[in-house]
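Residue numbers (this note's numbering): 9 to 330.
Structure follows, in structure tokens:
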């Protein structure tokens, strides 16, 4: 542990992805389900958590607008875009629907803590969406972690992909009107994030235990620069806005979800991408206190860690230096 840690009160059924705004307000995706996890009555939606008031409980963010919420099975990765002129925040949210995967766009009303639906985006290239990163008010990169649409037989095929090294994950780019594949041949493409200046794209290659580093070109195509080798399979990744450090969270091995039921070990890594990719392990847990860790965000001396379908943890950072 990097310092004292505690579970975040009120979050019990998942905190799979976290998106942190520059003012310390965090969006937390909850309720992720698939066939190997029971489709119970767990809440599916977004929590808001102000890290300036870490002793306060997260709040539920209502979704308003004319869209079919009943068709949504669960949510997955999320990202945000803030307009420099108006300050308006757009939340991008992957939704696994009964018929297809899509990306929902919401305008965030900070005063009422409400999400107002603006647009639904779908594409034939949205096959099994996992994560995304916004590049504008209507554009983004996204990862497909597999070949089949969610949730039909998804978990069984996930295991088959590993057993037979079936590399059918991909990175796609949506420019506001249409999507196209930027890179394929992934054994589960997972988390995806941009560097602080937007010029570098990071992609977590779960099955290869690497983070791939790409130069982002003017036409939004990507050119691979290098790979960062890890000792674990990275799930989601985030980039600290001030230091440029990458925070990667994942499991020790690709089959941890199956061989460690009902919990799995979690590793949280800090990667200093501007310092020779120097790696520090901030947290390591055998599944006792933190089960199925999936994402981490840092704000000041606080580290907020999410899980696939379990609780969230908040830690004080006392044992690392910038």
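Where a beta carbon is used, it is the ideal one built from N, C-alpha and C, also for glycine.
In this text, all values refer to a predicted model and were calculated from it rather than measured experimentally.
Where residue i falls: helix, strand or coil (DSSP)
i, result
"residue 214", "helix"
"residue 18", "coil"
"residue 96", "coil"
"residue 77", "helix"
"residue 196", "coil"
"residue 307", "strand"
"residue 221", "strand"
"residue 44", "Note that residue 44 has pLDDT 45, beneath the 50 cutoff, so the model's placement of it is unreliable and no number is given."
"residue 12", "coil"
"residue 65", "coil"
"residue 188", "strand"
"residue 32", "coil"
"residue 58", "strand"
"residue 325", "coil"
"residue 203", "coil"
"residue 334", "Residue 334 is absent from the model: the chain starts at 9 and stops at 330."
Whole-angstrom C-beta distance between residue j and residue i, which should lie under 8 Å
i, j, result
"residue 81", "residue 90", "No, residue 81 and residue 90 are not in contact; Cβ-Cβ is about 29 Å, not under 8 Å."
"residue 196", "residue 187", "Actually they are not in contact, since the Cβ atoms of residue 196 and residue 187 sit about 19 Å apart, beyond 8 Å."
"residue 88", "residue 100", "7 Å"
"residue 331", "residue 95", "This structure cannot speak to residue 331, because the chain is shown only from 9 to 330."
"residue 20", "residue 319", "6 Å"
"residue 178", "residue 152", "5 Å"
"residue 191", "residue 230", "7 Å"
"residue 316", "residue 22", "6 Å"
"residue 137", "residue 71", "Contact doesn't hold; Cβ gap of about 18 Å is too wide."
Beta bridge counterpart(s) of residue i as assigned by DSSP
i, result
"residue 110", "103"
"residue 178", "152"
"residue 232", "222"
"residue 90", "97"
"residue 82", "104"
"residue 247", "254"
"residue 49", "Looking at the DSSP assignment, residue 49 forms no beta bridge with any residue, so it has no partner."
"residue 237", "218"
"residue 314", "303"
"residue 319", "Looking at the DSSP assignment, residue 319 forms no beta bridge with any residue, so it has no partner."
"residue 242", "258"
"residue 37", "25, 54"
Same chain, Cβ closer than 7 Å to residue i, neighbours up to 5 away in sequence not counted
i, result
"residue 147", "182, 183, 184"
"residue 10", "290, 291, 311, 323, 325, 326, 327, 328"
"residue 296", "none"
"residue 204", "247, 249, 252"
"residue 141", "87, 148, 149, 200, 201, 202"
"residue 128", "75, 110, 112"
"residue 28", "34, 305, 307"
"residue 282", "252"
"residue 39", "21, 22, 50, 51, 52, 53, 82, 83"
Neighbourhood of residue i by C-beta, 6 Å cutoff - its chain only, sequence neighbours within 5 removed
i, result
"residue 207", "224"
"residue 233", "221, 223"
"residue 33", "58"
"residue 18", "65, 66"
"residue 274", "293, 298, 301"
"residue 60", "32"
"residue 16", "320, 322"
"residue 13", "321, 323"
Contact set for residue i: own chain, Cβ-Cβ below 8 Å, skip 5 residues either direction
i, result
"residue 341", "Absent from the structure is residue 341, since the part of the chain shown begins at 9 and ends at 330."
"residue 219", "210, 211, 212, 213, 235, 236, 238, 242, 245, 254, 256, 279"
"residue 25", "36, 37, 84, 85, 86, 139, 244, 302, 303, 314"
"residue 79", "105, 106, 107"
Any C-beta of chain D under 8 Å from that of residue i
i, result
"residue 98", "Of the protein chains in this structure there is only one, and it is not chain D."
For the stretch 251-304, list the beta strand (DSSP E) runs that are entirely contained and at least 3 residues long, ordered along the chain. 254-259, 274-280, 286-293
Go through the stretch 112-145 residue by residue and report every complete run of the beta strand (DSSP E) that reaches 3 residues or more, in order. 122-129, 137-142
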